[in-house]
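The next block holds one structure in the form of structure tokens; read it before the comments.
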DNA sequence: CACGATACGGAACACCGTTCCGTTTAGCAA
DNA sequence: TTGCTAAACGGAACGGTGTTCCGTATCGTG
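Structural data, given as structure tokens:
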């Protein structure tokens, strides 16, 4: 096992996470790296030392909320009158998360290598969660089979992009998409 | 009325349109400005002289195809067995257009000022076309009222983003969205 | 053919993510 | 306490964008 990190390194990592959370909330997830660095009172290199790529920083900032989404699934399936209701409520949860983090949906669907880590993390965590809900609804005969959780998740993410800009309202379209799943 | 443009200016404008069409097809709509300029054999400033912003260039390159989408509407409404069928086929047309122009959907939904012109042009041209189909389907009782053409159009554009990347397939989700419109 | 307005090309600027390198500092051992 | 070394740091530097500026070349006309 590698030696423990130095105290100042641990301190800076925490400062960076806090600063990134603030800056992301104020200026969006696409905020310049330099802004996060100066907010945390460190140099830019320190960011890259702790988070090899910008995606790793984003993942670290939002990890807790993603995990909440994943962990909400069993409860929803147990509480919801039907699996489809559980799916609908889970989608609401996910969309709330996406649209309140300005620019997160955009970052998730970036195609370049830099965003691949971010995309991979979201897929890894959320696809199984979404698949569980989808499978339950299909088994219950409420949703037509053949829809892949990956496509649904990505579709919801895509529909959330640009919510509120140019008069676009993502929610009705997401509701329509989910309605279209019905058997 | 302003004096006519010089011959070399007209020539360069055509060369730029041709070069941009080629480069956009090869490297996507987000290709560097310098690449278009060098392909056309002109300096970068010449691009900005003819097309004040990148969006103007993109609009100029795709204007014909957008117009084709708009002009297809009456024929589809006349031919289709039902208004809903016409809507489905029009969406197919639109999606074909979007996914074959790599990066166009991404560019359409950009939030910054630079893309505003591009977004405005698409909305201006396509919202009325989409609304005509939507209204006809609603009147025929095939589609539930209350869906705005703007939201539907933007939703389809968003769902088209990243088609084919990371295993995402946009078509099933667009089909699902359109299915969700049904009354 | 000469001249002025028009248009041009490429350097220059501002901003981005990322990397490099000389300097500082934490933690430990004497 | 002091000295040493590896870990960590900050900011300059690099490569890449979009956009603007300015001295130069060209077109079209009198």
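Residue numbers (the working numbering), protein chains in the order written: chain A, 1 to 183; chain B, 184 to 366. Note that CB positions come from ideal geometry on N, CA and C, so glycine has one too.
Pair within 9 Å by beta-carbon distance, residue i and residue j
{"i": "residue 243(B)", "j": "residue 316(B)", "result": "no"}
{"i": "residue 360(B)", "j": "residue 327(B)", "result": "no"}
{"i": "residue 238(B)", "j": "residue 298(B)", "result": "yes"}
{"i": "residue 28(A)", "j": "residue 98(A)", "result": "no"}
{"i": "residue 139(A)", "j": "residue 52(A)", "result": "no"}
{"i": "residue 206(A)", "j": "residue 125(A)", "result": "The question about residue 206(A) has no answer here: the residues shown for chain A are numbered 1 through 183."}
{"i": "residue 119(A)", "j": "residue 349(B)", "result": "yes"}
{"i": "residue 253(B)", "j": "residue 357(B)", "result": "no"}
{"i": "residue 355(B)", "j": "residue 141(A)", "result": "no"}
{"i": "residue 90(A)", "j": "residue 129(A)", "result": "yes"}
{"i": "residue 57(A)", "j": "residue 9(A)", "result": "no"}
{"i": "residue 78(A)", "j": "residue 93(A)", "result": "no"}
{"i": "residue 206(B)", "j": "residue 194(B)", "result": "no"}
Outcome for residue i when other beta-carbon atoms lying within 10 angstroms are tallied against a minimum of 16
{"i": "residue 227(B)", "result": "exposed"}
{"i": "residue 189(B)", "result": "exposed"}
{"i": "residue 41(A)", "result": "exposed"}
{"i": "residue 154(A)", "result": "buried"}
{"i": "residue 4(A)", "result": "exposed"}
{"i": "residue 183(A)", "result": "exposed"}
{"i": "residue 201(B)", "result": "exposed"}
Cβ separation of residue i and residue j, assumed to be a contact under 8 Å, to the nearest whole Å
{"i": "residue 199(B)", "j": "residue 233(B)", "result": "6 Å"}
{"i": "residue 310(B)", "j": "residue 288(B)", "result": "Actually they do not touch by this definition, with Cβ atoms about 16 Å apart."}
{"i": "residue 230(B)", "j": "residue 220(B)", "result": "6 Å"}
{"i": "residue 151(A)", "j": "residue 304(B)", "result": "Going by Cβ atoms, the distance from residue 151(A) to residue 304(B) rounds to 29 Å, so no, they are not a contact pair."}
Every unbroken alpha helix (DSSP H) inside the stretch 127-173 of chain A [4 residues or more]: 149-160
Just checking, does the stretch 291-309 of chain B make contact with the stretch 337-354 of chain B on the three C-beta pairs under 8 Å criterion? yes
What ranges does the alpha helix (DSSP H) occupy inside the stretch 233-267 of chain B, keeping only unbroken runs of at least 4 residues that lie completely in it? 237-262
Ordered list of alpha helix (DSSP H) runs contained in the stretch 196-228 of chain B, each at least 4 residues: 216-223
Runs of 3 residues minimum, wholly inside the stretch 86-117 of chain A: which ones carry the beta strand (DSSP E) assignment? none
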